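Q: Numbering (the working numbering), first residue to last: 89 to 242. Structure in structure tokens, see below.
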């Protein structure tokens, strides 16, 4: 498989508008949550505080786990908003949500009122939908895929 073929497979996307609201809303939410972890924005605890908390629940080393989760959420959210590398980004975000669900929320049941996993499950579902369909008609992936396809057919 050539680099060109791999790139086309990664950026290929369904030509619908369905991904647009999923990308924008999930992107904003993920970016904000990542900013809480990385920069202590929006009432977050930053890397030190988040790292200490992650260490306390057994995710070690806590600082590295906070950096990884915050980085995936912040930068992944930004990539979703612009629709760039939507499929691999969605895979990383889905994995992050699985870890969050089972390491923090699952034992509390479904509902958010009990710190349950319903919010994480919702973000996981959105991430999986984007993984399957790609960034959609109005994404940078679509623009790049069309440019790459035009090169290989001419």
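Glycine is no exception: its CB is placed at the ideal position from the N, C-alpha and C atoms. Since the structure is predicted, the reported quantities are computational estimates derived from the model, not experimental observations.
DSSP state of residue 224, grouped into three classes?
A: Start at 1 with the first residue of the chain shown, and residue 224 comes out as number 136. In the structure shown, residue 224 sits in coil (DSSP, three-state: anything other than H, G, I, E or B).
Q: With distances taken between CB atoms, is the gap from residue 164 to residue 118 smaller than 8 Å?
A: Counting from 1 along the chain shown, the entry for residue 164 is found at position 76. Counting from 1 along the chain shown, the entry for residue 118 is found at position 30. Going by C-beta atoms, residue 164 is nearer than 8 Å to residue 118.
Q: Is it buried or exposed, residue 188, if we count other Cβ atoms within 10 angstroms and call 16 or more buried?
A: Taking the chain shown and counting its residues from 1, one reaches residue 188 at position 100. By the neighbour-count rule (16 or more Cβ atoms within 10 Å), residue 188 is buried.
Q: Sorted by chain position, which residues of the same chain lie with C-beta nearer than 6 Å to residue 166's C-beta, five sequence neighbours on each side aside?
A: On the chain shown, position 78 is the one that residue 166 refers to. Same-chain partners within the cutoff: 119.
Q: Give me the Cβ distance between residue 211 and residue 114, rounded to the nearest whole Å; I'm assuming they're in contact under 8 Å.
A: Along the chain shown, read from residue 1 onward, the residue named residue 211 stands at position 123. Along the chain shown, read from residue 1 onward, the residue named residue 114 stands at position 26. Confirmed, about 6 Å.
Q: For the stretch 110 to 157, list the alpha helix (DSSP H) runs that are entirely contained and at least 4 residues long, ordered along the chain.
A: 134 to 144
Q: Check residue 103 in the structure and name its three-state DSSP category.
A: The count along the chain shown starts at 1 and reaches residue 103 at position 15. DSSP places residue 103 in coil when its eight states are reduced to three.
Q: Output needed for residue 223: all residues of its chain with C-beta closer than 7 Å, excluding positions within five of it in sequence on either side, in chain order.
A: Mapped onto the chain shown, residue 223 falls at position 135. Result list for residue 223: 101, 107, 111, 171, 174, 229 and 230, in chain order.
Q: I'd like to know if residue 227 contacts chain B, where contact means its C-beta is closer than 8 Å to some C-beta of that chain.
A: The structure shown contains no chain B; it holds only a single protein chain.
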